[in-house]
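In the working numbering, the protein residues as written are 184 to 316. C-beta atoms are modelled at their ideal positions from N, C-alpha and C, and glycine is treated no differently.
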Amino acid sequence: MSDRSTPDAPAIPHTPRLRREYRTIESMFRIWCADHHADRSAATGLCAECETLLAYAGQRLVKCPYGEDKPTCNHCPVHCYKRAQREQVREVMRYAGPRMPLHHPWQALLHVFDKLRRVEHPRTWRRRGRGQQ
Ligand code: SF4
Ligand SMILES: [Zn+2]
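Here you go:
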């Protein structure tokens, strides 16, 4: 691990549910990065590439239109990620997801409950809102 400093402070959500989700994603990135990348920061446990991708995921969380009612991103009808980042994060999740119960059982359990959430597309909300006027 190097002492490379993080270039930008990551966007971390302030509300409890979103902050928990950020921490869960961060744990998954650490599992992935530890097994795939060498030049990791002592401060974050991540390489520069993973820090950048985690920061992107954090920004998406902060701007998520569902807020505290957020579903897991793979059950989301919006899919706000850019295609490249979405594929990269999927790869991380595919690898780290099955390893989470061993490393972070509590986060893994709560994530299972999060997967049960279902939401509508915001367009549907707007349409319904207009219909009620
Ligand atoms: S993909 Fe959907 S649930 Fe995930 S952050 Fe974007 S809008 Fe929110
Ligand atoms: Zn990495």
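Nearest-angstrom Cα distance between V295 and R306?
Residue 295 sits at position 112 when you count from the first residue of the sequence shown. Residue 306 sits at position 123 when you count from the first residue of the sequence shown. Roughly 27 Å between the two C-alpha positions.
Candidates T198, W308, A194, A240: which alpha carbon is nearest E321's?
The structure shown has nothing for residue 321, since the chain only spans 184 to 316.
Taking only the alpha-carbon atoms, compute the straight-line gap between L325 and F212 and give it to the nearest angstrom.
Because residue 325 is not part of the residues shown, which for the chain are 184 to 316, the question remains open.
Sort Y239, L201, R301, L229 by Cα distance to A267 and report the nearest one.
By one-based count along the sequence shown, residue 267 stands at place 84. Checked all of Y239, L201, R301, L229; the closest Cα to A267 is Y239.
Which same chain residues end up closer than 6 Å to L201 when comparing Cβ atoms and leaving out the 5 residues on each side of it in sequence?
Here residue 201 refers to the residue found at position 18 of the sequence shown. L244, listed in sequence order.
Which residue comes first and which comes last in the alpha helix (DSSP H) that contains P193?
Stepping through the sequence shown from its first residue, residue 193 is reached at position 10. Segment: none, P193 is in no alpha helix (DSSP H) and carries neither H nor E.
Go through its chain and collect everything with a Cβ distance to R282's Cβ below 7 Å, but skip five positions before and after it.
To locate residue 282, count along the sequence shown from 1; it is residue 99. If we look at R282 and ignore the five residues flanking it on each side, its Cβ neighbours are I214.
Which value, in whole angstroms, describes the spacing of the CA atoms of E232 and R203?
On the sequence shown, position 49 is the one that residue 232 refers to. On the sequence shown, position 20 is the one that residue 203 refers to. In a straight line, the C-alpha of E232 is about 22 Å away from that of R203.
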